[in-house]
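Asks:
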Amino acid sequence: GDIVDSRFDGAYLGGVAASNGTWAVDAYLVWAAIGGDRPDRPSLTVDLDLIYGRATLGRRIAPDLYVTGGVRRLALKYDFTLGDLPDFSRKRGVWDPLVGIAWNRIGQKVEWHASFDGGGFGVGADVDLGAQVRLDWKPIPHFGFAVGYNYLYLKVEDEVLRRTAIIKSAIHGPAIGIGFYF
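The numbering used here puts the first residue of the sequence shown at 2, with every later residue one more than the last.
Shown next as structure tokens:
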């Protein structure tokens with residue numbers, strides 16, 4: 002049967018970026034919670050929380066070019082109730098160390114940002130590759146708009162019921178937002 006009652010419980014997206022020319026810091030966090038219910042044949046209740054975060058510190062090695070290091074967090078918390086069966090709940094996530102490169106061109110009205118990082122190294126994910134590009138337009142002082150595109154590829158191996166499960170995921174899409182610049 003179909004999910005009859007779907008729900009959006011909430012979401013948050015926020016970030017911060019700062020630079021003094023030599024050093025650059027970039028961090029953001031995404032949280033979203035969704036769920037759904039099917040009342041009969043048998044009853045099903047699903048709740049899902051997604052947490053995604055990335056933080057990097059960069060050191061300038063050439064004009065507008067930085068070498069970066071940091072961490073990425075991706076976690077899913079899910080709860081399922083199917084009929085009279087016991088509830089099933091799990092929170093699975095990975096913490097991945099990252100190394101990468103970033104390019105930041107800062108102008109009076111327009112900023113360009115691009116980065117590529119890789120990580121995992123078997124610490125959390127076996128392979129963790131991310132890339133992003135963003136254009137910030139600041140029509141008035143201290144306020145602007147951002148538009149960009151993000152890409153994330155993860156390969157994770159997990160032991161489930163004495164069998165190795167391999168999960169490969171490519172997540173990508175556009176991003177839009179507003180910015181406050183100081």
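Don't be surprised by glycine CBs; every beta carbon is placed ideally from N, CA and C.
Rounded to whole angstroms, what's the CA-CA distance from Gln133 to Gly119? Just pull it up for me.
Replies: Gln133 and Gly119: Cα-Cα distance of roughly 12 angstroms.
Asks: Considering only the beta carbon of each residue, do Lys156 and Lys139 sit closer than 8 angstroms?
Replies: Contact: no.
Asks: Considering Leu136, what are the terminal residues of the beta strand (DSSP E) in which it resides?
Replies: Looking at the DSSP string, the run of the beta strand (DSSP E) that includes Leu136 is 128-141.
Asks: Leaving aside the five residues before and after Ile172 along the sequence, list all residues of the same chain whose C-beta is less than 6 angstroms from its C-beta, in chain order.
Replies: Around Ile172: Leu153.
Asks: Let me know if Arg106 comes out buried or exposed under the rule of 16 or more other beta-carbons within 10 Å of its beta-carbon.
Replies: The residue in question, Arg106, is exposed, as its Cβ has fewer than 16 Cβ neighbours within 10 Å.
Asks: Straight-line CA distance for Arg73 to Ser20?
Replies: C-alpha separation (whole angstroms): 20 angstroms.
Asks: Answer yes or no: do Asp80 and Asp48 have a C-beta to C-beta separation smaller than 8 angstroms?
Replies: Their beta carbons are under 8 angstroms apart, which means Asp80 touches Asp48 by this criterion.
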